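These notes are about the structure you will find just below.
In the numbering used here, the protein residues as written are 4 to 108.
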């Protein structure tokens with residue numbers, strides 16, 4: 004159950020105030036250099052995924068498609084969320100390691 008660990012880590016980051024969510028806030032964090040990791044829901048529209056992948060590529064921020072909108076929102080204590088950004092470098096690195104591990108399983 005690697006997946007739950009990723010979502011739990013996002014929950015911890017959110018409690019620490021190190022997560023911004025929603026398309027506008029996520030985009031703002033990336034463009035202002037505060038985002039260290041972006042996660043877009045696997046359920047997000049192709050257009051949303053493409054725009055975030057292009058933006059994060061341009062700003063050199065790792066971006067992953069992961070989880071449902073409902074899961075992302077619930078674990079960070081919000082409603083449905085199509086996108087979120089982790090704004091703490093160490094937390095982002097830890098979550099990214101788990102994401103990479105989950106892809107190799």
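Ideal placement from N, C-alpha and C gives every residue a C-beta, glycine not left out.
It should be emphasised that the depicted structure is a prediction, and the values quoted were computed from it without experimental measurement.
query	result
Output the boundary residues of the beta strand (DSSP E) element that contains residue 64.	Here residue 64 belongs to no beta strand (DSSP E), and DSSP marks it neither H nor E.
Count the other CB atoms within 10 Å of the CB of residue 106; is the residue buried (16 or more) or exposed (fewer)?	exposed
Start and end of the beta strand (DSSP E) containing residue 85?	Segment: none, residue 85 is in no beta strand (DSSP E) and carries neither H nor E.
Determine the extent of the beta strand (DSSP E) in which residue 24 is found, giving its start and end residues.	22-24
Going by C-alpha to C-alpha distance, which of 94, 89 and 104 sits closest to residue 36?	89
Could you compute how far the alpha carbon of residue 29 sits from the alpha carbon of residue 51?	12 Å
Between the C-alpha atoms of residue 45 and residue 85, what's the straight-line distance to the nearest angstrom?	8 Å
For residue 92, count neighbouring C-beta atoms within 10 Å of its own C-beta (all shown protein chains included) and say buried if the count is 16 or more, exposed if not.	exposed
Using only the alpha-carbon positions, how far apart do residue 34 and residue 62 sit?	7 Å
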